[in-house]
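Reviewing the structure listed below.
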Amino acid sequence: MRRFRVAIVGTGGIAAIHAENLAKLDGRADIVAAADPDEERLADFCERWSVPARYRDLPELLGNERVDLVHLCTPPGVHKEQALTCLAAGVNVLCEKPPALSLADMDEIAAAEHAGGARFATVFQHRFGSAAANLRRLLGTGALGRPLVAVCNTLWYRPADYFTAPWRGTWGHEGGGPTMGHGIHQFDLLLSVLGEWSELTAVAARQDRPTETEDLSCALVRFANGAVATVINSLLSPRETSYLRFDCERATVELEHLYGYNDGNWTVTPAPEEEGVLTDWAKGALGHASGHAAQFDAVFAALEAGEALPVTTAHARDTLELVAATYASAFSGQPVRRGEIASDSPHYRRMEGAGPPWPLPSSHAQRQEAGT
1 MRRFRVAIVG
11 TGGIAAIHAE
21 NLAKLDGRAD
31 IVAAADPDEE
41 RLADFCERWS
51 VPARYRDLPE
61 LLGNERVDLV
71 HLCTPPGVHK
81 EQALTCLAAG
91 VNVLCEKPPA
101 LSLADMDEIA
111 AAEHAGGARF
121 ATVFQHRFGS
131 AAANLRRLLG
141 TGALGRPLVA
151 VCNTLWYRPA
161 DYFTAPWRGT
171 WGHEGGGPTM
181 GHGIHQFDLL
191 LSVLGEWSEL
201 TAVAARQDRP
211 TETEDLSCAL
221 VRFANGAVAT
231 VINSLLSPRE
241 TSYLRFDCER
251 ATVELEHLYG
261 YNDGNWTVTP
271 APEEEGVLTD
281 WAKGALGHAS
291 GHAAQFDAVF
301 AALEAGEALP
311 VTTAHARDTL
321 ELVAATYASA
331 FSGQPVRRGE
341 IASDSPHYRR
351 MEGAGPPWPL
361 PSSHAQRQEA
371 GT
């Protein structure tokens, strides 16, 4: 198998997860360079992971290194510009979620990808566990019958001091609250299972946390195949869980985990007289947990085959469109159909559109007055 040359841009906590999971792939890739404006953080990362070359910024790295893939592990507010820089240089990109702050930014990335030939992918690692693939297989064959009802809950807890980082909880740097930055993993998996959504009705609120954005959203989503799902994204839930449930004609399939799953996190409950579903489930290729390593392996396989990288720009855009529709519906009080948020919509260029129906918290208002 080909061995790939990888660069890491941004060397904070998520970069360590990337490095750790790259190391699990038995020499599939080498981290040959890293970039970060914080010299101390960069030095610590490079020493810990034996990275031979270090740079203060992405252009300097690209000007001096030959790499097959850049991992963007930076805050969301800089993803688009960094992705465009890589794609213009003909370098493939694997970007942490969310890949962009708006549908407009995502469309710019897709246009640059199409024009330059290099490929772009987003880290949505929950798609890649073998049990999720098994569920998609059984729905595709009809073994579970039609999907009817689904639940997708991201009930997490983030205390107020989590938002002391200046980019967190802001529209301009994070693009949204738990809908954009936390629950997105769960409902991306939901979309990968149920396919195209058709209409959404939502509410969002800032219940407690000192943010510009929501700390809670709830949506009712109808899918093209007729299934209906509830989606809750919360940062207010002391008993944390990530929970998905798919009620189909012949069985209920459930997943409960927190930040990653293995086969043991899944439960299959057949409908009466449908015990054959358990046999069908057991026939699947199980045994692989979700996680960054699983997606990285799929990305390198695609690079070697010259194929589009998973998760593609089109798939990531579908997920971002659900985010934008959640905000558009919540702030307008109206349902939003898929494809309705076009370039003339205020939610196309900024997730919050004309703004949420709650005032800025005092700390954020003071920062805006100071121009920071």
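Counted the way full-length UniProt numbering counts, the sequence shown spans residues 1 to 372.
Think of the CB as a built atom: it goes at the ideal place given N, C-alpha and C, for glycine as much as any other residue.
At the level of alpha carbons, what is the spacing between Gln186 and Thr154? 7 Å
Can you grab the Cα-Cα spacing for the pair Gly77 / His71, in whole Å? 15 Å
Segment contact flag, the segment 346–362 with the segment 319–336, C-beta cutoff 8 Å, min 3 pairs: Cβ pair count under 8 Å is three or more, so yes.
Please classify Ala227 as buried or exposed, where buried requires at least 16 neighbouring CB atoms within 10 angstroms. Classification of Ala227: buried, given that the 10 Å Cβ count is 16 or more.
Between the Cα of Ala294 and those of Val193, Ala133, Thr164, Pro98, spot the shortest distance and give me the residue it belongs to. Ala133
My output table needs one value for His185: the three-state DSSP class, helix, strand or coil. helix
Does Ala133 come out as helix, strand or coil in the three-state DSSP assignment? The three-state reading of DSSP puts Ala133 in helix, counting H, G and I together.
Give the straight-line distance between the Cα atoms of Val67 and Pro75, rounded to the nearest whole angstrom. 22 Å
Would you call Pro238 buried or exposed, if buried means 16 or more other Cβ atoms sit within 10 Å of its Cβ? Around the beta carbon of Pro238, fewer than 16 other beta carbons sit within 10 angstroms, so the residue counts as exposed.
How about the segment 149–169 and the segment 311–321: do they share at least three Cβ pairs that are nearer than 8 Å? no
Reduced DSSP secondary structure (H/G/I, E/B, other) of Trp358: coil
Report the three-state DSSP secondary structure of Pro238 (helix, strand or coil). strand
Taking the straight line between their C-alpha atoms, what separation do you get for Val149 and Arg338? Going by C-alpha positions, Val149 is about 19 Å away from Arg338.
Check each candidate in Val336, Phe300, Gly287 and name the one with the smallest Cα separation from Gly27. Phe300
How about the segment 124–131 and the segment 280–287: do they share at least three Cβ pairs that are nearer than 8 Å? yes
Runs of 3 residues minimum, wholly inside the segment 95–153: which ones carry the beta strand (DSSP E) assignment? 120–122
In the DSSP output, what is Val223 paired with across the bridge? According to the sequence displayed, residue 223 carries Phe and not Val. According to DSSP, Phe223 bridges with Trp197.
Segment limits, alpha helix (DSSP H) that includes Pro59: 58–64
Compute the Euclidean distance between the alpha carbons of Gln125 and Pro356, then round it to the nearest angstrom. 30 Å
Residue range of the alpha helix (DSSP H) that Val70 falls in? No alpha helix (DSSP H) holds Val70; the beta strand (DSSP E) holding it covers 69–72.
Going by beta-carbon coordinates alone, are Ala112 and Leu94 separated by less than 7 Å? no
At which residues does the alpha helix (DSSP H) containing Phe331 begin and terminate? 313–332
Comparing alpha-carbon positions, which option in Val193, Tyr259, Ser290, Glu212 lies nearest Arg245? Val193
Please classify Pro178: is it buried, with 16 or more other beta-carbons within 10 angstroms of its beta-carbon, or exposed? By the 10 Å Cβ count, Pro178 comes out buried.
For Gly291, would you say it is in contact with chain B, using Cβ-to-Cβ distances shorter than 7 Å as the test? Among the chains of the structure shown, chain B does not appear; only one protein chain is present.
Would you decide whether Lys97 is buried or exposed? Buried here means 16 or more other CB atoms lie within 10 Å of its CB. buried
Ala19 and Trp49 closer than 7 Å at C-beta: Yes, Cβ-Cβ distance for Ala19 and Trp49 is below 7 Å.
Beta-bridge pairing of Tyr243 - partner residues as DSSP gives them: Asn153, Glu256
Within a Cβ cutoff of 7 Å, which residues of the same chain sit near Ile184, ignoring the five residues on either side of it in sequence? Hits under 7 Å: Lys97, Pro98, Thr319, Val323.
Going by Cα to Cα distance, which pick from His79, Val123, Val9 is closest to Glu108? His79
Beta-carbon separation of Ala204 and Glu214 under 7 Å? yes
Between which two residues does the beta strand (DSSP E) containing Val268 stretch? 266–270
Please name the residue, chosen from Ala104, Cys73, Gly260, that lies closest to Ser343 on a Cα-to-Cα basis. Ala104
Based on the DSSP output, what are the partners of Val9 in its beta bridges? Ala35, Leu72
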